[in-house]
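If you read the sequence shown in my numbering, its first letter stands for residue 156, the second for the next number, and so on.
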Amino acid sequence: MALKPRKQRKHYSYLFLLNEKTFLRYLRGQYLIFSFDVNCIGSYKFSKTKKIIHDNNHFLFKKLEMLIDNLENENKLIYAPFCFSSWVVKDDYKILKKINSKIKKENNKKSKYKREERQLSRLNLWSRGWVAFESKKLNAPDIDNPMITHRDKKWWQKGYDDAKEDIGLKQPM
């Protein structure tokens, strides 16, 4: 008696879209991003598995949209627009921490750029005042005091000369 070979089970790559429970289990530890491609075709992309569902595949796309709407109405999914339109499982604290850290990084970058801009504007203000710099080596130490550079010496000298002139004008001659 010969044994019959087993039938191979068909593998469906989008089985997680069958019901809400499997979809939520699949979405744990990652987020779902909705974005438009170059050809203005909408697509959903999973962050961790890099699986993409395009608008071309109408059945899967509509099924996924219906799932998202149902889960969002039941408060099981959270809409989190941190880079694009994205959704996260409500109780998934690991991915929520990642999202918060991304947002903080972006804010820190913005504040870093703002701080640099402020410093540059201060330098511009200082350099266009009454201080006149000569075209010498800027950071070469002075002979009299090796701690003071040429730039510092000219700055102090110009301020001192201006102050002397102001005092001289106020005194009666």
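Using N, Cα and C, we set each Cβ at its ideal position, and we do this for glycine too.
Evaluate contact between the stretch 188 to 201 and the stretch 245 to 262, counting only Cβ atoms and requiring at least three cross-stretch pairs below 8 angstroms. Segments in contact, no.
Leu226: buried (16+ other C-beta within 10 angstroms of its C-beta) or exposed? Looking up residue 226 in the sequence shown gives position 71. Answer is buried; the Cβ neighbour count reaches 16.
Helix, strand or coil for Tyr169, going by three-state DSSP, please let me know. Residue mapping note: residue 169 aligns to position 14 of the sequence shown, counting from 1. In this structure, Tyr169 counts as coil in the three-state DSSP scheme.
Around the Cβ of Val276, are there at least 16 other Cβ atoms within 10 angstroms (buried) or fewer (exposed)? Along the sequence shown, one-based indexing puts residue 276 at 121. The sequence given here has Ser at residue 276, not Val. By the C-beta density criterion, Ser276 is exposed, having fewer than 16 other C-beta atoms within 10 angstroms.
Where Ile250 sits in the DSSP three-state scheme: As a first step, residue 250 is located in the sequence shown; it is residue number 95 there, counting from the start. Collapsing the DSSP output to three states places Ile250 in a helix.
What's the gap between the Cα of Leu222 and the Cα of Arg273? As a working note, residue 222 is residue 67 in the sequence shown. As a working note, residue 273 is residue 118 in the sequence shown. In a straight line, the C-alpha of Leu222 is about 48 angstroms away from that of Arg273.
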